[in-house]
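Student: In the numbering used here, the protein residues as written are 1 to 64. Where is the CB? At the ideal position from N, CA and C, for every residue including glycine. Dropping the structure in here first, questions after.
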Amino acid sequence: GQIGRRRPNSKVLKRFLDSHYNEFCTLFKYDANRNNMNQMMQLDNRHSETYESCKLEGKKALQR
1 GQIGRRRPNS
11 KVLKRFLDSH
21 YNEFCTLFKY
31 DANRNNMNQM
41 MQLDNRHSET
51 YESCKLEGKK
61 ALQR
């Protein structure tokens, strides 16, 4: 996003990502592909291992 481009070392952005990086797995687990997770790995490379390990459930999970 714009914040990451303008101020990639922003303390506020780092604090936000440190507080919420685990929630992104839950938020994006219903995606059909890993595009959002790949974006998060670029934006927040300090937590890239967490994003890489997120399991996608895609359409299967939505049908339950």
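#1: Below 8 angstroms, can you find three or more Cβ-Cβ pairs linking the region 21 to 41 to the region 49 to 60?
#2: Under the rule that 16 or more other beta-carbon atoms within 10 Å means buried, what is F16, buried or exposed?
#3: Given a threshold of 16 other Cβ atoms within 10 Å of its Cβ, counted over all protein chains shown, does D18 qualify as buried or as exposed?
#4: Considering just the uninterrupted stretch of the alpha helix (DSSP H) at R46, what are its terminal residues?
Tutor: The answer reads as follows:
#1: yes
#2: Translated into positions along the sequence shown, residue 16 becomes position 16. Looking at its Cβ environment, which holds fewer than 16 other Cβ atoms inside 10 Å, F16 is exposed.
#3: Locating residue 18 in the sequence shown gives position 18, where the first residue counts as 1. Per the 10 Å Cβ criterion, exposed.
#4: Mapped onto the sequence shown, residue 46 falls at position 46. Element bounds for R46: n/a, residue is neither H nor E.
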